[in-house]
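The next block holds one structure in the form of structure tokens; read it before the comments.
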Amino acid sequence: MTSVDQSNTSLSFSQLAGLVEPDNLKVLRLTNVEITGDDDDVFDFSRAIRGHPSLEEVHLTNITFKEDGVNLDLIVEMMLVSCHELHLLKLDNVPVRAKSCSTLAYCETLTTLALTNNKFNDVDAKMIADSVESNKSVTSVDLSDNCISDVGCKSLRLCLEKNSVIQEISLSGNSISGTESNMLETKLLARVASAA
1 MTSVDQSNTS LSFSQLAGLV EPDNLKVLRL TNVEITGDDD DVFDFSRAIR GHPSLEEVHL
61 TNITFKEDGV NLDLIVEMML VSCHELHLLK LDNVPVRAKS CSTLAYCETL TTLALTNNKF
121 NDVDAKMIAD SVESNKSVTS VDLSDNCISD VGCKSLRLCL EKNSVIQEIS LSGNSISGTE
181 SNMLETKLLA RVASAA
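In structure tokens form, the structure reads like this:
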């Protein structure tokens, strides 16, 4: 089984651990899933996914937890640090904090990072900008449909001065002025043109 696709269901962390157990799993896709379990279960699952030998893509959309206060931070950190085939991470409307991306500097395979519809603000955008600044593999960052303003957009634009790899940053659905948006777009277009 190279792909797991679960939608409109409820799963426990132990069930999830069983789903990701096969060494040949390449794609994990969960949509509209409620996950049951506490922080101890999060820890156990993060150990189960640690160092997965073949996982390439993770798509998590509309994920909720039955227990209050539980989030995906530890799991995201573990995947970024130890899943050495991971090249796409998409988290859309899930309980995760921007600081979970702090381990991006250690991830040498991820090319696409999509953190959409997660209520991230300018502080979160700065954390993500700091994280991708020293990363040498991510070429596309999607932060659409968050709560980012010109301040956060500027943080992402400035990170491009130290990161020469990123080719695309998407910020649609945020509260960004035309001026700041144009400055970012100009910077990215110049980069793409020089690479051609």
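Position one of the sequence shown corresponds to residue 1 (full-length UniProt numbering), numbered consecutively onward. Cβ atoms here follow ideal geometry from the backbone N, Cα and C, with glycine treated the same way.
Environment of residue i [buried if 16+ CB atoms lie within 10 Å]
i, result
"residue 152", "buried"
"residue 157", "buried"
"residue 42", "buried"
"residue 94", "buried"
"residue 24", "exposed"
"residue 155", "buried"
"residue 136", "exposed"
Three-state secondary structure assigned by DSSP to residue i
i, result
"residue 24", "coil"
"residue 163", "coil"
"residue 29", "strand"
"residue 103", "helix"
"residue 2", "coil"
"residue 49", "helix"
"residue 35", "strand"
"residue 42", "helix"
"residue 75", "helix"
"residue 150", "helix"
"residue 64", "strand"
"residue 136", "coil"
"residue 180", "helix"
"residue 194", "helix"
"residue 58", "strand"
Nearest-angstrom Cβ-Cβ length linking residue i and residue j, presumed shorter than 8 Å
i, j, result
"residue 159", "residue 133", "4 Å"
"residue 110", "residue 86", "6 Å"
"residue 130", "residue 148", "Wrong, their Cβ atoms sit about 15 Å apart, outside the cutoff."
"residue 20", "residue 4", "7 Å"
"residue 11", "residue 35", "6 Å"
"residue 65", "residue 45", "Rounded, the Cβ-Cβ distance is 12 Å, inconsistent with contact."
Cβ-based neighbour list, residue i, same chain, cut-off 8 Å, excluding 5 preceding and 5 following
i, result
"residue 167", "139, 140, 188, 191, 192 and 195"
Residues near residue i in its chain [Cβ-Cβ closer than 6 Å; skip 5 each side]
i, result
"residue 91", "60 and 115"
"residue 112", "88 and 140"
"residue 175", "149"
"residue 170", "142 and 144"
"residue 7", "31 and 32"
Contact test: residue i Cβ vs the ligand HEM heavy atom, cutoff 7 Å
i, result
"residue 149", "Absence of the ligand HEM is noted for the structure shown, with no ligands found whatsoever."
Same chain, Cβ closer than 7 Å to residue i, neighbours up to 5 away in sequence not counted
i, result
"residue 173", "144 and 145"
"residue 96", "71, 72, 73, 76 and 118"
Uninterrupted beta strand (DSSP E) stretches inside the region 107 to 133 (no shorter than 3 residues): 112 to 116
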